[in-house]
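Beneath this line is the structure, given in structure tokens, with notes to follow.
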């Protein structure tokens with residue numbers, strides 16, 4: 014990877030104007046243009062000065078019983094730095110088994126390989142040779158599942174993998190199917206795929222006696238990182254919680270629950286800006302060949318970092 018000098022602040026909005034597109038699905042009756050699941054897509058709305066520019070693609074998979082639009086601010090942040098972000102709504106009601114979510118994600122990737130270009134703004138083209146997949150909470154489990162070829166193989170090569178406070182079940186020994194963690198260090202066979210794992214300090218803490226932790230010890234970010242091989246990057250954020258990368262205003266009953274189920278930080282904006290900026294820096298490093306910002310964040314030489322770390326570790 015090269016390290017060209019850049020002054021762009023990855024924690025601020027990027028240089029591209031963006032669009033947030035809602036793409037409906039005809040589930041069970043897939044036509045030539047409809048995706049198998051509803052999608053929220055954040056993308057540059059203009060490629061000026063380069064007409065017809067191609068942009069890398071990132072899948073963002075939502076957490077348990079959350080809506081994809083709860084991540085709208087995060088999606089737009091990443092898109093403004095020159096990425097196309099696809100956030101499917103994998104389900105509205107779900108049991109403990111995430112097998113169908115893994116299979117559905119593979120089907121959506123297949124759809125994207127044929128039809129994504131048809132739903133994007135004019136002159137915006139996806140570069141599916143630069144495809145990354147990410148997921149939050151249970152969505153992180155699903156992202157790792159498809160990267161590890163659990164149940165089904167991705168129809169397109171995945172070039173980078175990101176887990177945002179990933180969770181593999183209720184507790185060690187009580188993983189939800191299909192289990193991802195093996196509890197064998199460095200056991201994930203990803204053929205050199207770079208991995209970024211972001212954890213929250215408060216995720217493994219109870220908010221009160223009524224609810225379990227949202228990211229319990231034994232099935233959370235620590236365990237996922239233990240099983241990664243190089244190259245892998247690991248950041249745990251101090252004083253922030255499992256849902257602190259969501260939009261400031263998450264509406265409806267489920268939106269209100271995001272403030273009462275998990276132990277939260279004082280504000281969502283700092284963690285959301287950090288998660289968005291770190292993802293941009295990671296993707297620029299491994300998809301676009303510029304690792305300068307990622308290294309500066311690791312070394313805490315980037316003066317605009319909006320959060321503090323309780324742990325940073327890198328395997329190269």
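Residue numbers (the working numbering): 14 to 329. Ideal Cβ placement from N, Cα and C applies to all residues, glycine included.
Option in 219, 261, 207 with minimal Cα separation from residue 304: 207
Identify whether residue 86 lies in helix, strand or coil by the three-state DSSP scheme. helix
Under 8 Å: do the stretch 150 to 161 and the stretch 197 to 212 share three or more Cβ pairs, one atom per stretch? yes
DSSP has residue 325 in a bridge; who is on the other side? 248
Considering just the uninterrupted stretch of the alpha helix (DSSP H) at residue 309, what are its terminal residues? 305 to 311
Identify which residue in 309, 119, 258, 261 has its Cα closest to the Cα of residue 164. 119
Using only the alpha-carbon positions, how far apart do residue 49 and residue 86 sit? 24 Å
Alpha carbons only, please: which of 210, 308, 133 is nearest the one belonging to residue 154? 210
Per DSSP, residue 187 is paired with what? 184
Any chance you could list the alpha helix (DSSP H) runs of at least 4 consecutive residues sitting entirely within the stretch 227 to 271, in chain order? 234 to 239, 265 to 270
Hey, how far is the Cα of residue 112 from the Cα of residue 151? 11 Å
Using 8 Å as the Cβ pair cut-off and three pairs as the minimum, do the stretch 77 to 92 and the stretch 23 to 31 touch? yes
Please classify residue 55: does DSSP put it in a helix, a strand, or coil? strand
Considering Cα atoms alone, identify which of 74, 129, 138, 234 is closest to residue 66. 138
On the three-state DSSP scale, how would you describe residue 23? coil
Please state the DSSP three-state secondary structure of residue 212. strand
Beta-carbon contacts of residue 299 that lie in its chain and below 6 Å, excluding the five residues immediately before and after: 173, 207
Distance between residue 124 and residue 51 (C-alpha atoms, nearest Å): 12 Å
Can you check DSSP and say which residues form a bridge with residue 149? 177
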